[in-house]
Amino acid sequence: MRFQDKVVLVTGAGRGMGRAIALAFAGEGAKVVVSARTESRGLETVALIEAAGGSACLVGGDVADRAAVKGMIEGGVDAFGALDILVHCAADTSSGLIVEMADETFDHIVRSNVQALFWLAKDATPHLSRAADKGRLIYISSGEANRKYTPRLIPYGSTKAFMNAFARGLAVELGALNVLVNVVEPGLIGTDHMHETLGHELPDTLAANFPVPRVGRPEEIAAAVMFLASNEASYITGTSLLVDGGATMVALPKIDASLKNAH
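In the working numbering, the protein residues as written are 4 to 266.
1) Could you check the C-alpha separation between V228 and D106 for me, to the nearest Å?
2) Decide if P216 is buried, meaning its Cβ has at least 16 other Cβ atoms within 10 Å, or exposed.
3) Measuring CB atoms only, is the region 82–92 touching the region 13–28, in the sense that at least three cross pairs come out at less than 8 Å?
4) Taking the C-alpha atoms as reference points, what is the distance between A265 and G32?
5) I need the DSSP call for V72, collapsed to helix, strand or coil.
6) Measuring CA to CA, which of L86, A82, S115 is closest to T96?
7) Measure the CB-CB distance between A23 and I239 and report whether it falls below 9 Å.
8) Do you know offhand how far A29's Cα is from P256's?
9) What three-state label does DSSP hand G138 in the structure shown?
10) Alpha carbon to alpha carbon, how far is V10 from V62?
11) Between the Cα of A210 and the Cα atoms of S132, I192, S243, which residue gives the shortest distance?
12) Give a yes or no on contact between the region 37–54 and the region 117–126, applying the rule of three or more CB pairs nearer than 8 Å.
13) Between which two residues does the alpha helix (DSSP H) carrying H111 extend?
14) On the three-pair Cβ rule with 8 Å, is the region 241–256 touching the region 170–178?
15) Compute the Euclidean distance between the alpha carbons of R69 and M75, then round it to the nearest angstrom.
16) Among I141, K137, A119, G160, which residue has its Cα nearest to the Cα of A148?
Next up, the structure:
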């Protein structure tokens with residue numbers, strides 16, 4: 004129960020890695036503020052937490068919307084009286100060739116994956132800075148930030164590289180304000196979104212080339228987040244923890260150019 008009575012906000016908690024992170028925190032005593040763009044999925048996460056005896060509430064979830072970000076921070080604080088940990092897992096994973104991508108699509112990627120970093124940090128820091136043993140701001144990035152090129156993912160990978168740089172600078176700025184800032188970079192993780200995008204056969208084909216030759220599990224990303232949020236990581240800030248089975252150390256196999264990829 005490392006997080007007994009801590010208040011944790013998790014964006015993108017309606018499914019996949021975000022849900023796994025929310026459930027993991029609740030399982031160790033945290034009060035979880037669930038943010039999900041799709042209300043029904045967010046309510047499912049809340050119900051799972053409450054069915055296991057935990058405490059959770061749902062707040063609005065579109066991180067591409069400035070007012071929604073402000074509302075989710077305020078809603079969480081109103082519900083539980085504080086905010087000790089923020090885990091930002093929501094992202095726009097739209098893919099496509101740059102020359103074919105609509106301006107509106109690219110704009111939404113930037114709002115979701117870049118501007119939301121600023122909005123969340125600005126609104127959450129006054130609350131995180133009051134945490135008893137340092138507030139935590141943890142961004143979920145991607146191994147795509149480290150790859151030279153993955154077909155159709157230039158905007159996504161670029162925004163994740165921005166996230167890594169933003170977090171490093173923010174760690175310096177917020178250190179004096181009692182907040183630690185870190186990043187977790189997932190590799191190819193077996194979420195429902197990944198299977199919707201890639202199917203079931205292609206991920207296994209890709210993963211067979213990894214040093215750890217399998218697709219990762221959402222719970223493994225949650226474990227990394229829990230470590231960085233815990234007292235065991237009280238001397239860690241401004242770092243990126245790559246959890247990808249070694250994927251970024253090997254080349255992608257030759258596959259069809261229509262490849263789309265999730266985290």
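Beta carbons: idealized from backbone N, C-alpha and C, even for Gly.
The answer reads as follows:
1) 34 Å
2) exposed
3) yes
4) Only weak support is given to the placement of A265: the predicted model assigns it a pLDDT of 39, under 50, and the value that follows is read from those uncertain coordinates. If I take the Cα positions, the gap works out to 30 Å.
5) helix
6) S115
7) no
8) 39 Å
9) strand
10) 14 Å
11) I192
12) no
13) 106–113
14) yes
15) 10 Å
16) G160
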